[in-house]
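Read through the structure below, which is laid out as structure tokens, and then see the notes.
Number of protein chains: 2
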Amino acid sequence: MRYDSQTVHDWVQQLYEAYGFEAGDAQAVANMITYTDLHGIASHGVQRLSMYDRFIQAGKIDLHAQPEIVFETPVSAVVDGHLGMGQLIGTFAMNTAIQKAKTSGVGIVSVRNSNHYGIAGYYANLAADAGLIGFSSTNSNPGLIPTNGIHSFLGTDPIAFAMPAKPHHFWLDFATTTVPQGKVEVYRKLEKDFPADWVLADGTRPIHDHNAPELAGIRQQSAPVGLTPLGGFTEATGSHKGYGLAMIVEIFTGLFSGGALSPEISDGQHAGTSHSFIAIDPAIFGDSRTMFSRFDDFLQQLRAQPAVAGKQVYVHGDKEAAAYADRKANGLVIDDKTFAELVKISQRLQVDVPEF
Amino acid sequence: MRYDSQTVHDWVQQLYEAYGFEAGDAQAVANMITYTDLHGIASHGVQRLSMYDRFIQAGKIDLHAQPEIVFETPVSAVVDGHLGMGQLIGTFAMNTAIQKAKTSGVGIVSVRNSNHYGIAGYYANLAADAGLIGFSSTNSNPGLIPTNGIHSFLGTDPIAFAMPAKPHHFWLDFATTTVPQGKVEVYRKLEKDFPADWVLADGTRPIHDHNAPELAGIRQQSAPVGLTPLGGFTEATGSHKGYGLAMIVEIFTGLFSGGALSPEISDGQHAGTSHSFIAIDPAIFGDSRTMFSRFDDFLQQLRAQPAVAGKQVYVHGDKEAAAYADRKANGLVIDDKTFAELVKISQRLQVDVPEF
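In structure tokens form, the structure reads like this:
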């Protein structure tokens, strides 16, 4: 089933107004959720509304919190999110980084006491929209099992990077685990087995069965099950590299901000998430017009590379751009379970379910 | 066989003086080579001297080139290496980044027209020695096959990161391919098969046999064989993430510097390598003493994590620190083939081979 993106956007906005968010804030959340589904990232769009609903119901998200700059220099800032909605805090922090980059060339902003902020790529793309290079990352409750370990200890700790390019931004957005938590959830909803070593039990047994009983513990740090780092669970496949990338994320998020590190975050508690945002003006390296045009040529060379039969060499952002064109024309793809969740939340909040 | 590190250091210094390098430059190269072997990274220590010898003989490395800052702002610089020795250019560039970070909080330096610069981690650790956070990366002649592709197109594009910690720096240093080119060479020298999908032929066939005829083409961009990105060669295992990390390296090295991108580099030509160096003063996020002490605690928690039988959870830099203690006490580990190469170079340059 396909759902008109503008109608979904307005529905989400109404839900967020019904929670009690300011109209502008509800609109900003709806923009970000719809942006995510429009770009084909179903795991982090409306699929996430039931999780946010749980957080809002539990009082974990403060509807009226205002993000605050608690420390800054011309090239940096630390923001306290005061446990507000992650999307609102994230947008504030990336805009701060962008302003600093426009003045000083570089802006690095670390955030503490936030909540789940959606896709990291949204913020990196805000920088690219402003003609800058952008990075964003966030920590999370534990999901990643460090190499040789048994329990998850670090977050899935995604890193996003964006840079202006034609015909669309170069956009790289990835969990430092082999796949994000949301992808495992989507496969379980679709009753599909995992095609690779995404989930590891007892530190040695990859789980592929989407019905495996071990999966019940996947969000519990005490259970001997969790996600493999990018690079799998052996050093021969590069496990220590994904684990190391997650460490860099912990440093730029929890450590620089003085906020929670991933092992200190749990879904049920008031231990906020930490984020990082970086904007860089390429003009600090000289003539950025030449740089951008050379980059466009380089991307075209990549797309023209010989590929294995039936496939092609993509540039990061190509698939998201194709999904955007499709969703804009044909509507968002929302699975039945997720749609049912939205209906249930709407009923509780007394918001009309729109006709599609 | 073990070889006293100070004796090896002085030997390397004499060789570089015999090539015609200034005494201070010869000492700097010897420091860096010995540093690498002392930390157990045999693939990039004296093992690399025969490759540098080939480059010097071929006139690819200009012995008297002086690195030059051709563009700068308070937070950035572009350095032209004028095709000098990569180690000397890299040290100059990281010191420039460190000075800028001390003044402005952040220093980002991109380098063009350099040569192979040894291990990226050496430069990241220079920043950590100065109390800062350091990054370094470099591009290289092509080695990495982009996801769905058949030919190598990007470099092995390593990324290094270091941060001060106790009892030793946190130090992460990894190729964005599953393994660096040097690791494949070491396995072939040892006549060992590859334990994972490091090498890919025809875009679909992982090569494990160290004697496979396809390996003859591994350094030729025209041959349908090359290295898999970190994450392997399928999207299910995260191939596009390693490929994406290499793209970030290309942007920070070749693109920002206006120098060669990896597909433009080949061993035999005067198309210099491009590097990137970043130093960040953690004090731009507030009280760095608290940050460092919290980081030390975090690393200790990681080391104390339950591990699979017979293994342990390492922190990045632990293995290098253990190797350093061992090599300092017992001497460097140099394989017979490499030692014979050094003897041959010494004879040609009329440098005495020291007694061990």
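Chains as they are written, first to last, in this note's numbering: chain B, 55 to 410; chain G, 55 to 410. All C-beta atoms, glycine included, are put in the ideal place defined by N, C-alpha and C. Predicted model only: the values in this text are computed from it and were never measured.
Rounded distance between the beta-carbons of residue j and residue i, thought under 8 Å
i, j, result
"Gly203/B", "Ala361/G", "6 Å"
"Gln141/G", "Gly161/G", "19 Å between Cβ atoms; not a contact."
"Thr24/G", "Leu269/G", "This structure cannot settle anything about residue 24/G, because the visible part of chain G is limited to 55 through 410."
"Asp227/G", "Ala184/G", "18 Å between Cβ atoms; not a contact."
"Ala72/B", "Leu403/B", "4 Å"
"Ser164/G", "Val129/G", "Rounded, the Cβ-Cβ distance is 12 Å, inconsistent with contact."
"Val419/G", "Thr392/G", "Missing from the structure shown is residue 419/G; chain G here goes from 55 to 410 and no further."
"Asn149/B", "Thr327/B", "Their Cβ separation, rounded to whole angstroms, is 19 Å, which puts Asn149/B and Thr327/B out of contact at 8 Å."
"Ala119/G", "Gly138/G", "3 Å"
"Phe207/B", "Pro317/B", "6 Å"
As assigned by DSSP and simplified to three states, the class of residue i
i, result
"Val279/G", "strand"
"Asp64/G", "helix"
"Tyr57/B", "strand"
"Val83/G", "helix"
"Asn265/B", "coil"
"Val124/B", "strand"
"Asn167/B", "strand"
"Leu284/B", "coil"
"Thr150/G", "helix"
"Gly308/G", "helix"
"Lys382/G", "helix"
"Met139/B", "coil"
"Arg273/B", "coil"
Residue i burial status per 10 Å Cβ neighbour count (16 or more: buried)
i, result
"Ser347/G", "exposed"
"Gly197/B", "buried"
"Ile302/B", "buried"
"Ile123/B", "exposed"
"Val66/G", "buried"
"Leu244/G", "exposed"
"His205/B", "buried"
"Arg56/B", "exposed"
"Val238/B", "buried"
"His329/B", "buried"
"Arg343/G", "exposed"
"Thr307/G", "buried"
"Ser276/B", "exposed"
"Thr258/B", "exposed"
"Lys295/B", "buried"
"Asp107/B", "buried"
"Pro200/B", "buried"
"Gln235/B", "buried"
Cβ of residue i within 7 Å of any chain G Cβ
i, result
"His370/B", "yes"
"His202/B", "Reading off the sequence shown, one finds Asn at residue 202/B, where the question assumed His. With 7 Å as the cut-off, Asn202/B counts as an interface residue toward chain G."
"Gly74/B", "no"
"Gln359/B", "yes"
"Phe207/B", "yes"
"Ser194/B", "no"
"Ala250/B", "yes"
"Gly313/B", "no"
"Leu226/B", "yes"
"Met55/B", "no"
"Val238/B", "no"
Paired residues, beta bridge with residue i - DSSP
i, result
"Thr192/B", "His329/B"
"Ala214/G", "Ser190/G and Asp227/G"
"Ser320/B", "The partner list for Ser320/B (beta bridge, DSSP) is empty, contrary to what the question assumes."
"Ala361/G", "Gly203/B"
"Pro260/B", "Leu254/B"
"Ile162/B", "Ser130/B and Ile332/B"
"Val387/G", "Arg56/G"
"Leu299/B", "According to DSSP, Leu299/B bridges with nothing at all."
"Leu198/G", "Leu208/G and Leu281/G"
Residue-chain proximity (residue i, chain B), Cβ-Cβ < 7 Å
i, result
"Thr307/G", "no"
"Asn179/G", "no"
"Val303/G", "no"
"Leu284/G", "yes"
"Ile338/G", "yes"
"Val279/G", "no"
"Ser164/G", "yes"
"Ala96/G", "no"
"Ala413/G", "Lying outside 55 to 410, the shown extent of chain G, residue 413/G is not represented and no answer is given."
"Ala290/G", "yes"
"Phe109/G", "no"
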